[in-house]
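To start, the structure under review is shown below, and the notes come after it.
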Amino acid sequence: MTTNPRPNRAQQQPLRAFLKQQSKPAAMWLKLSIALGTVNAILMIAGAYLLAQTIHEVMFEGHSLAQVTHYLWPLAGIILLRAIFLALSERLSAFAALKIKSAIRQTLLDKLTLLGPSYIEQHGQGATLNTLHNGVEALHDYYAKYLPGVAYSALIPLAILVVIFPTDYKAGLIFLLTAPLIPFFMILVGHKAEALNQKRWQQLAVLGNYFFDRIQGLTQLKLFNATRKELKQIAQISDDFRHATLSVLKIAFLSSFALEFLATIS
Numbered sequence: 045m046t047t048n049p050r051p052n053r054a055q056q057q058p059l060r061a062f063l064k065q066q067s068k069p070a071a072m073w074l075k076l077s078i079a080l081g082t083v084n085a086i087l088m089i090a091g092a093y094l095l096a097q098t099i100h101e102v103m104f105e106g107h108s109l110a111q112v113t114h115y116l117w118p119l120a121g122i123i124l125l126r127a128i129f130l131a132l133s134e135r136l137s138a139f140a141a142l143k144i145k146s147a148i149r150q151t152l153l154d155k156l157t158l159l160g161p162s163y164i165e166q167h168g169q170g171a172t173l174n175t176l177h178n179g180v181e182a183l184h185d186y187y188a189k190y191l192p193g194v195a196y197s198a199l200i201p202l203a204i205l206v207v208i209f210p211t212d213y214k215a216g217l218i219f220l221l222t223a224p225l226i227p228f229f230m231i232l233v234g235h236k237a238e239a240l241n242q243k244r245w246q247q248l249a250v251l252g253n254y255f256f257d258r259i260q261g262l263t264q265l266k267l268f269n270a271t272r273k274e275l276k277q278i279a280q281i282s283d284d285f286r287h288a289t290l291s292v293l294k295i296a297f298l299s300s301f302a303l304e305f306l307a308t309i310s
């Protein structure tokens, strides 16, 4: 469990199939979350249309705000509905992720019970606990955000194109050509942060094993009066890990800035 958790390309396909299979206990909640998110996107398009009509009539046709209230009231209603649907969608996806994580943890515990204590000793108690807690917890965003996001990335651009092309085919073509740049740049700028994150994962597993070994040998450390030395060592390792984690966050923030910039250009 201390090896690099990043799979190679040959392993990625069965891993994706495994992760999707684990979503079965909460498949209904995920589908409902995606449905609400899709409705929210349709409302976004309708709201954008009403806002565009309002701006056009006020700025280019000289109408007063009182003359465009038939746009403003539906727009206000759409904004309220979008907030409600967004909150419900996020809560449902988070609830689904929670159910899936609980099921995965139970499966892992059952498997560890079958393998026995020797397996845990061989792979390290710290790494095992790290996998059960942090490893499973890391799946939260996959189920709560990534899977719904994949569905949205297919449905929402299609809905926007359906509206844009009949109105202005040139704008639709521009959108069709530039939209794929966003996921491309997401992959490009996120690769460095992902590689650093995998390296930090290994360091965290080593730190967990080191800490648990010292906890188990606490009696011996006291007998040999070595507790202060080990405390300093643990503090030093923890501080090194903290600095390394901050470096990953720095790369992640820079990547986010680059992504927003490139998305704006697109």
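So in this note's numbering, the last spot in the sequence shown is 310, and the numbers never skip.
Where is the CB? At the ideal position from N, CA and C, for every residue including glycine.
Taking the continuous alpha helix (DSSP H) assigned at F268, which residues delimit it? Segment: none, F268 is in no alpha helix (DSSP H) and carries neither H nor E.
Report back the beta-carbon spacing between S67 and I144 to the nearest angstrom; my notes put them in contact at under 8 Å. 6 Å
By the 10 Å Cβ neighbour count, where 16 or more other Cβ atoms means buried, how is S146 classified, buried or exposed? So S146 counts as exposed.
Is the separation between the beta-carbon of F129 and that of N84 shorter than 8 Å? yes
Considering just the uninterrupted stretch of the alpha helix (DSSP H) at T98, what are its terminal residues? 71 to 103
Classification of N48 by the beta-carbon crowding that lies within 10 angstroms, buried from 16 upward: Annotation note: pLDDT 47 at N48 (below 50); position unreliable, coordinate value reported separately. By the 10 Å Cβ count, N48 comes out exposed.
Cβ-Cβ distance between T172 and I164 below 8 Å: yes
With respect to the alpha helix (DSSP H) encompassing V112, which residues constitute its N-terminal and C-terminal limits? Careful: V112 lies outside any alpha helix (DSSP H) and carries neither H nor E.
With burial defined as no fewer than 16 other Cβ atoms inside 10 Å of the residue's Cβ, what is the status of T175: buried or exposed? buried
Compare the C-alpha of T151 against each of Q65, F305, I295 and name the closest. Q65
Throw me the rounded Cβ distance for the A188 and A120 pair, which I believe falls under 8 Å. That belief does not hold up - the Cβ atoms of A188 and A120 are roughly 29 Å apart, past 8 Å.
In three-state DSSP terms, what is D283? D283 falls in the helix class under three-state DSSP.
Tell me whether L74 is buried or exposed, calling it buried when 16 or more other Cβ atoms sit within 10 Å of its Cβ. L74 is buried by the Cβ-count criterion.
DSSP state of A212, grouped into three classes? As written in the sequence, residue 212 is Asp, which differs from the Ala given in the question. If DSSP states are grouped into helix, strand and coil, D212 belongs with coil.
Does the beta-carbon distance from V180 to R149 come in below 8 Å? yes
Reduced DSSP category for P224 - H, G, I as helix; E, B as strand; rest coil: coil
Identify, in the order they occur along the chain, each residue of the same chain with its Cβ nearer than 7 Å to the Cβ of Q57, setting aside the five sequence neighbours on each side. none
Rounded straight-line distance, which links the Cα of F139 to that of L219: As written in the sequence, residue 219 is Phe, which differs from the Leu given in the question. Whole-angstrom Cα-Cα distance: 34 Å.
Cβ of T82 within 8 Å of Cβ of L191? no
Measuring straight from C-alpha to C-alpha, what distance separates Q1 and Y115? No information on residue 1 is available, as it lies outside the stretch 45 to 310 that the chain covers here.
DSSP three-state call for S108: helix, strand or coil? Of the three classes helix, strand and coil, the one that applies to S108 here is coil, per DSSP.
Backbone CA spacing between L293 and D257 [nearest angstrom]: 29 Å
What is the DSSP secondary structure of L183, counted as helix, strand or coil? coil
Going by DSSP in three states, S67 sits in which element: helix, strand or coil? coil
Under 8 Å between the Cβ atoms of V207 and I99? The beta carbons of V207 and I99 sit no closer together than 8 Å.
Cβ neighbours of V215 in the same chain (closer than 8 Å, five flanking residues each side left out): According to the sequence as given, residue 215 is Ala; it is not Val. Same-chain partners within the cutoff: I208.
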